[in-house]
Amino acid sequence: MSMGNTASDGTIAFNTSGQVGAYQNRINEATYTVEFLKAGTNEPISLDGFYTFSDIDWTQYITLHKDMLDKVTGVLADSTCWLDLTENEDGSKTFAETENQGSDDYDLTAMFTVLFKDLSKFDVTFGAADTVTDLPVETDWGAWDWFGNTAVKPAKSEDPNPTKAVTDKDETNVVNNHLDTMSDTFTFNITQNILGELPQFYHTSFEMKDELIPELERTSDVRIVDETGKDRTHFFTDKSKDNVIDVVATEEALKNQEFYGHTYTFSFDAKVREGMSLEKYYDKEDNKYHFPNQAKTIINGKEKPTNETDTDIDETPDNDPVKKIIDSEGKEVDLTQAKQGDTVEFVISNPEGVPYSAIGQKVTISDDLEDVLQLEDKTVKVEVADLGEDAEFKDVTDQGTLTTDDKTGKVSWSVDGSLLAGKQYRLTIGGTVKENVDFSSYVDDSGNITIPNVAHQIIGETDKPTNEVNVVVEQEKPRILPPTSVKSDNGQNMVIAGFSGGLIVLGLSSVVYLRGKKKHEINK
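Mind the numbering: the sequence shown is residues 1 to 524 in UniProt numbering, read in order.
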């Protein structure tokens with residue numbers, strides 16, 4: 001407040017509660033700049049709405065300048081309004097009380113409302129032909145000219161449409177949001193501006209309704225706040241059940257002036273429901289799932305829809321599964337060495353995750369160990385984790401159907417895809433290299449005993465094999481025995497060299513080389 005000390009000094013006092021406005025004393029006229037700011041900030045915003053100038057009496061007048069008039073879409077006044085309109089040469093317009101009559105804040109005779117669109121700031125001049133000249137006394141309001149805004153109109157309001165937005169962990173109040181995973185929780189916010197009303201124009205009913213698609217589920221109660229963040233739940237009755245959100249204003253609230261002139265936000269949390277097929281929400285063009293939502297309000301029996309929101313999630317890459325061997329140092333490798341009798345640990349995984357399209361389909365992870373490996377069925381374990389290198393795996397073996405056959409070395413684990421969709425898995429199997437068995441069919445061109453292994457991931461009818469891993473079986477080096485000279489039937493001397501791994505006979509006419517079940521004869 002700026003106070004003058006003499007009769008020649010003008011005084012302006014700004015109102016701090018109830019209404020936006022100012023008091024003037026000993027001032028013919030003053031021009032004010034009105035700017036709209038985002039609540040709780042100094043950020044300018046543009047609005048579509050209205051501004052009501054009220055209690056214009058005792059020869060007071062309001063002049064609207066061109067910056068506002070260019071944004072005006074209409075002017076409302078009651079048929080009993082006593083204000084005279086003057087269009088000025090500079091394009092401004094003046095609304096004046098010329099009969100020196102008194103009024104109250106909500107008298108329809110002394111108010112008018114300007115409707116505007118896309119307005120952020122405007123100038124307005126307030127004055128009086130018969131200016132108060134007495135020094136102000138704090139309790140004598142008659143010594144002041146009052147310039148205010150009641151936030152009500154001299155006619156029943158046409159309520160604006162509600163709006164809807166979505167908030168998640170890294171996006172706030174957006175129309176289209178993106179989730180990282182199907183397990184992410186997000187929040188729907190439905191906002192309705194209830195305009196200020198005179199008692200004769202109060203609403204007879206108000207209701208907010210929203211129905212989520214079956215593939216989503218509500219995970220919280222409805223929270224209701226006004227534009228300041230103040231809890232306004234007591235104004236409403238929550239009739240929501242499951243996916244149907246239904247909030248109704250109480251009769252008491254509708255008859256209370258405090259209910260009007262506020263913007264209410266109805267918020268609730270949701271997530272994608274587990275275990276349901278999402279096929280109809282999948283868009284092949286962008287490889288995403290899209291979940292739409294739209295709410296509505298019903299005011300005095302008239303429905304007003306919100307905009308539609310879209311929550312999307314990327315499909316998990318449908319990559320081939322991966323097979324690895326865990327070596328003696330705990331590292332994942334494609335090739336390892338083992339002795340007969342050693343147990344080799346195999347791991348089948350899909351680090352990039354199982355696609356969400358697996359939901360509702362049977363998923364099978366299977367392996368068929370070679371005959372020279374003995375399946376250790378007690379080592380079989382299936383684990384699941386969220387995506388990411390640091391994710392924590394959880395044993396889910398019992399949640400699927402595990403089948404093992406230690407005679408054939410076959411193992412398979414089956415489950416509904418909803419358990420694995422959007423997650424990574426790993427299936428661990430132990431296989432022991434058998435002793436004293438025929439490895440001849442596993443000898444490669446270099447003479448090594450190499451046991452291959454490939455596993456499979458089957459989703460529905462789609463079979464994806466893993467890469468091949470190999471176990472090289474270590475072979476004992478042959479021990480050379482002292483040579484012995486013997487005579488053949490024809491009297492020729494022959495040298496027989498003994499080996500622990502086989503027999504080589506050296507003669508004059510030929511050499512016979514024996515190895516396992518394979519026999520090669522070389523004639524001189």
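For every residue, glycine included, the Cβ atom is placed at its ideal position computed from N, Cα and C.
Predicted model, so just to flag it, every value in this text is computed and none were measured.
Presumed contact (8 angstroms Cβ cut-off) between residue i and residue j, rounded CB distance
i: residue 39; j: residue 227; result: 5 angstroms
i: residue 95; j: residue 56; result: 7 angstroms
i: residue 314; j: residue 284; result: Not quite, the Cβ-Cβ distance comes to about 13 angstroms (not below 8 angstroms), so this is no contact.
i: residue 183; j: residue 300; result: Incorrect: roughly 41 angstroms between the Cβ atoms, too far for contact.
i: residue 127; j: residue 28; result: 5 angstroms
i: residue 433; j: residue 396; result: Not confirmed; about 29 angstroms, so no contact.
i: residue 316; j: residue 422; result: 5 angstroms
i: residue 426; j: residue 354; result: Rounded, the Cβ-Cβ distance is 12 angstroms, inconsistent with contact.
i: residue 277; j: residue 321; result: About 22 angstroms separates the two Cβ atoms, so there is no contact after all.
i: residue 187; j: residue 167; result: 4 angstroms
i: residue 360; j: residue 417; result: 6 angstroms
i: residue 259; j: residue 247; result: Residue 259 to residue 247, Cβ: 14 angstroms. No contact.
Residue i - partner residues in DSSP beta bridges
i: residue 160; result: According to DSSP, residue 160 bridges with nothing at all.
i: residue 132; result: Looking at the DSSP assignment, residue 132 forms no beta bridge with any residue, so it has no partner.
i: residue 527; result: The requested residue 527 is not part of the displayed model; the chain covers only 1 to 524.
i: residue 21; result: 148
i: residue 385; result: 424
i: residue 29; result: 127
i: residue 63; result: 94, 125
i: residue 435; result: DSSP output for residue 435 lists no bridge partner at all.
i: residue 314; result: 288
i: residue 464; result: 457
i: residue 417; result: Residue 417 is not bridged to any residue.
i: residue 469; result: 453
i: residue 13; result: 23
i: residue 323; result: 348
i: residue 87; result: 93
i: residue 430; result: 345, 376
i: residue 154; result: The partner list for residue 154 (beta bridge, DSSP) is empty, contrary to what the question assumes.
i: residue 37; result: 44
i: residue 54; result: 148
i: residue 104; result: Residue 104 is not bridged to any residue.
From the options, residue whose alpha carbon lies closest to that of residue i
i: residue 306; options: 439, 76, 159, 136; result: 159
i: residue 156; options: 150, 202, 87, 236; result: 202
i: residue 525; options: 181, 199, 208, 180; result: Coverage of the chain is limited to positions 1 through 524, which leaves residue 525 absent and any answer about it impossible.
i: residue 153; options: 348, 409, 198; result: 198
i: residue 463; options: 309, 471, 454, 470; result: 454
i: residue 58; options: 89, 75, 98; result: 98
i: residue 194; options: 419, 263, 237, 394; result: 263
i: residue 100; options: 329, 81, 254, 129; result: 129
i: residue 584; options: 53, 89, 90; result: With the chain represented from 1 up to 524, any question about residue 584 goes unanswered, as that position is not in the structure.
i: residue 241; options: 217, 249, 230, 256; result: 217
i: residue 362; options: 331, 312, 419, 384; result: 419
i: residue 364; options: 414, 174, 60; result: 414
i: residue 468; options: 335, 11, 435, 378; result: 335
i: residue 80; options: 112, 87, 319; result: 112
i: residue 180; options: 192, 290, 51, 447; result: 290
i: residue 298; options: 438, 225, 191, 360; result: 191
Residue i burial status per 10 Å Cβ neighbour count (16 or more: buried)
i: residue 14; result: exposed
i: residue 161; result: exposed
i: residue 275; result: exposed
i: residue 324; result: buried
i: residue 6; result: Legend: pLDDT at residue 6 = 47, less than 50; position of this residue unreliable, value from coordinates given subsequently. Exposed.
i: residue 358; result: buried
i: residue 401; result: exposed
i: residue 333; result: exposed
i: residue 119; result: buried
i: residue 292; result: exposed
i: residue 18; result: exposed
i: residue 445; result: exposed
i: residue 44; result: exposed
i: residue 294; result: exposed
i: residue 369; result: buried
i: residue 270; result: buried
i: residue 133; result: exposed
i: residue 497; result: Summary for residue 497: the model assigns pLDDT 44, below 50, so the residue's position carries little reliability, and this model does not support an answer.
i: residue 309; result: buried
i: residue 244; result: exposed
i: residue 256; result: exposed
i: residue 412; result: buried
i: residue 532; result: This structure leaves residue 532 out entirely; the chain is present only between 1 and 524.
What runs of the alpha helix (DSSP H), each 4 residues or longer, lie entirely inside the UniProt domain "Adhesin isopeptide-forming adherence" (162 to 311)?
Inside the UniProt domain "Adhesin isopeptide-forming adherence" (162 to 311), DSSP marks whole alpha helix (DSSP H) runs of 4 or more residues at positions 251 to 254, from first to last along the chain.
Tell me the start and end of each unbroken beta strand (DSSP E) in the segment 325 to 411 that is at least 3 residues and wholly inside, in chain order.
The segment 325 to 411 contains these whole beta strand (DSSP E) runs: 335 to 338, 343 to 349, 362 to 368, 373 to 385, 401 to 405.
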